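Report on the structure given below.
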């Protein structure tokens, strides 16, 4: 087993690596097509939690990301925060739920 195989990446490191691999694939396309391709792939295949983490990292700085990922971020669907998502489905949280049960 090589040192690389023994190294365990964090979830964030994996997401950066995956996003950059997608961008590497689309670098052979014209720029606008590449940007659209990266965004479309992430929108189709990444679940909201993954996209939320991606935006948290991008909001903190873009130095680890391929520039095509950064450019595509404007076209990637930004998921709602968990609290916002709960409100749209009617979940009000444990404290408010207790008050309404009385």
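Residue numbers (full-length UniProt numbering): 1 to 102. Even for Gly, the Cβ is constructed at its ideal location relative to N, Cα and C. Please read these numbers as outputs of a predicted model, since none were measured by experiment.
From the options, residue whose alpha carbon lies closest to that of residue i
{"i": "residue 82", "options": "53, 19, 28", "result": "53"}
{"i": "residue 56", "options": "45, 70, 44", "result": "70"}
{"i": "residue 79", "options": "61, 31, 11, 46", "result": "46"}
Limits of the unbroken alpha helix (DSSP H) element including residue i
{"i": "residue 60", "result": "48-60"}
{"i": "residue 66", "result": "Taken as a continuous stretch (DSSP letters only), residue 66 belongs to no alpha helix (DSSP H), as it is neither H nor E."}
{"i": "residue 42", "result": "31-45"}
{"i": "residue 74", "result": "Per DSSP, residue 74 belongs to no alpha helix (DSSP H) and is neither H nor E."}
{"i": "residue 23", "result": "11-26"}
Distance CB(residue i)-CB(residue j) smaller than 8 Å
{"i": "residue 68", "j": "residue 35", "result": "yes"}
{"i": "residue 76", "j": "residue 49", "result": "no"}
{"i": "residue 66", "j": "residue 24", "result": "yes"}
Own chain partners of residue i with C-beta closer than 8 Å, once the 5 adjacent residues on each side are dropped
{"i": "residue 29", "result": "37"}
{"i": "residue 15", "result": "50, 53, 54, 57"}
Whole-angstrom distance between residue j and residue i, CA atom to CA atom
{"i": "residue 40", "j": "residue 32", "result": "12 Å"}
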